[in-house]
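Novice: First, the structure itself, so that you have it in front of you.
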Amino acid sequence: MGINKCIDLLKEGQPFYATHTPELTYDAGVELAQTWADMILIDFEHRHFDVGGLGDFMKGLKAGGPTPSGHLTPTVVTTLPHNAISVDEVRHNAWQMRHALTTGVHGLLHTHARDPEAVKWFVAACRYPFQKLARDIIPEGLRGGGGQGIPAEIWGLSPREYVEIADPWPLNPNGELLLGLKIEDRHSLPNADEIASVPGIGFAEWGPGDMGMSHGNPDAHDPPYHDYMDHSRYTIKGALDKAGVGFYSSW
Numbered sequence: 001m002g003i004n005k006c007i008d009l010l011k012e013g014q015p016f017y018a019t020h021t022p023e024l025t026y027d028a029g030v031e032l033a034q035t036w037a038d039m040i041l042i043d044f045e046h047r048h049f050d051v052g053g054l055g056d057f058m059k060g061l062k063a064g065g066p067t068p069s070g071h072l073t074p075t076v077v078t079t080l081p082h083n084a085i086s087v088d089e090v091r092h093n094a095w096q097m098r099h100a101l102t103t104g105v106h107g108l109l110h111t112h113a114r115d116p117e118a119v120k121w122f123v124a125a126c127r128y129p130f131q132k133l134a135r136d137i138i139p140e141g142l143r144g145g146g147g148q149g150i151p152a153e154i155w156g157l158s159p160r161e162y163v164e165i166a167d168p169w170p171l172n173p174n175g176e177l178l179l180g181l182k183i184e185d186r187h188s189l190p191n192a193d194e195i196a197s198v199p200g201i202g203f204a205e206w207g208p209g210d211m212g213m214s215h216g217n218p219d220a221h222d223p224p225y226h227d228y229m230d231h232s233r234y235t236i237k238g239a240l241d242k243a244g245v246g247f248y249s250s251w
């Protein structure tokens, strides 16, 4: 058994299921530690970037564990306030990845992934610079030393053990960090194959709500879909299947 339950499930070819928390507090973490879900997804895409609250929540999860599956906590993944539209946007906001990961979360889900080069920098922003795997493709890691103590405690590790395995899976077969993408607008479709094949991405979704908006439909989240929505979904799922990346979708 690893640290990250969702990675354990993906390795077995199994789906994972997510829930949300109504608030980021220590008590909410204690209560949700026994959740039925494999993953707790934190929304920083639309809500304020409350890293302090996230840190309290993670400590509560640890105190309320272990989970029914035996993991110390459920997998916790957060979205981010910025998008993965361009390299500059990702590089200039690398501090957001660093601050979120320092709370002990197990992964990040980046939004509006349009450019494979921006996705490479997303992966780099989540890695320590001493990691060498796929360095011919992924830039040198941007995550610095000094903040590993808190996440190491959440993960039940020493700081040295933490930095060794806080690396994206499946790029690193021993990694326990799960990075995901929302490939969620029409601008991403021509690049779907390249985006899906970036090393270090463990799962992705097609974001039907934003996909529909990018096609001019303000309310296209749920099926039945127009033909252009079905085409978008199949394009993205096909790219993920070819790359061996999990497709995160309710249908």
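The C-terminal residue of the sequence shown carries number 251 in this note's numbering, and the numbering is unbroken.
Where is the CB? At the ideal position from N, CA and C, for every residue including glycine.
These numbers were taken from a predicted model, which means no experiment stands behind them.
(1) Quick one: residues in its chain with C-beta nearer than 7 Å to the C-beta of C6, no 5 flanking neighbours on either side, listed in chain order?
(2) By a C-beta neighbour count over all protein chains shown, 10 Å radius and 16 as the cutoff for buried, is R47 buried or exposed?
(3) Comparing C-alpha positions only, which one of G202, R143, Q34 and D56 sits nearest to P68?
(4) Along the chain, where does the beta strand (DSSP E) containing I183 start, and where does it finish?
(5) From G257 to N4, what does the alpha carbon distance come to, in whole angstroms?
(6) Please classify R160: is it buried, with 16 or more other beta-carbons within 10 angstroms of its beta-carbon, or exposed?
(7) Look at the alpha carbon of G212 and the alpha carbon of F44, and state the distance between them as a whole number of angstroms.
(8) Would you mind working out which of G64, L9, G144 and E12 sits nearest A28, comparing C-alpha positions?
(9) The alpha helix (DSSP H) with L72 in it runs from where to where?
(10) Tell me which residue opens and which closes the alpha helix (DSSP H) that I85 is part of.
(11) For Q131 and N217, I'd like the C-alpha separation in whole angstroms.
(12) Alpha carbon to alpha carbon, how far is M58 from N172? Give it in angstroms, no decimals.
(13) Can you tell me whether S188 is buried or exposed? The criterion is at least 16 other CB atoms within 10 Å of its CB, across all chains shown.
(14) What residue range does the beta strand (DSSP E) around A204 cover?
(15) Write down the C-beta distance between R127 and R98 rounded to the nearest angstrom, noting that I regard them as a contact closer than 8 Å.
(16) For the segment 152 to 236, which segments carrying the alpha helix (DSSP H) assignment without a break, of at least 4 residues, lie completely within its bounds, in sequence order?
(17) What is the residue span of the beta strand (DSSP E) that M1 lies within?
(18) Output yes or no for whether 8 Å exceeds the beta carbon distance between L61 and L24.
(19) How many angstroms separate the CA atom of T21 from the CA atom of D50?
(20) Cβ of G246 less than 8 Å from any chain C Cβ?
(21) Within a Cβ cutoff of 6 Å, which residues of the same chain sit near P66, ignoring the five residues on either side of it in sequence?
(22) Along the chain, which unbroken stretches of the beta strand (DSSP E) at least 3 residues long are found entirely within the segment 92 to 162?
Specialist: Let me lay it out:
(1) If we look at C6 and ignore the five residues flanking it on each side, its Cβ neighbours are F16, D38, M39, T75 and L178.
(2) exposed
(3) Q34
(4) From DSSP, I183 is part of no beta strand (DSSP E); its letter is neither H nor E.
(5) This structure cannot settle anything about residue 257, because the visible part of the chain is limited to 1 through 251.
(6) exposed
(7) 21 Å
(8) The candidate whose alpha carbon is nearest that of A28 is G64.
(9) It is not in any alpha helix (DSSP H) - L72 carries neither H nor E in the DSSP assignment.
(10) Unbroken run through I85: none, as it is neither H nor E.
(11) 43 Å
(12) 24 Å
(13) buried
(14) F203 to E205
(15) A Cβ-Cβ separation of about 11 Å leaves R127 out of contact with R98 under the 8 Å criterion.
(16) Listed in chain order, they are 159 to 165, 192 to 196 and 208 to 214.
(17) Note, M1: premise wrong, no beta strand (DSSP E); not H, not E.
(18) When the beta-carbon positions are compared, L61 and L24 stay at least 8 Å from each other.
(19) Across the structure, T21 and D50 are spaced so that their CA atoms are roughly 13 Å apart.
(20) You won't find chain C in this structure, because it holds only one protein chain.
(21) L72
(22) 107 to 111
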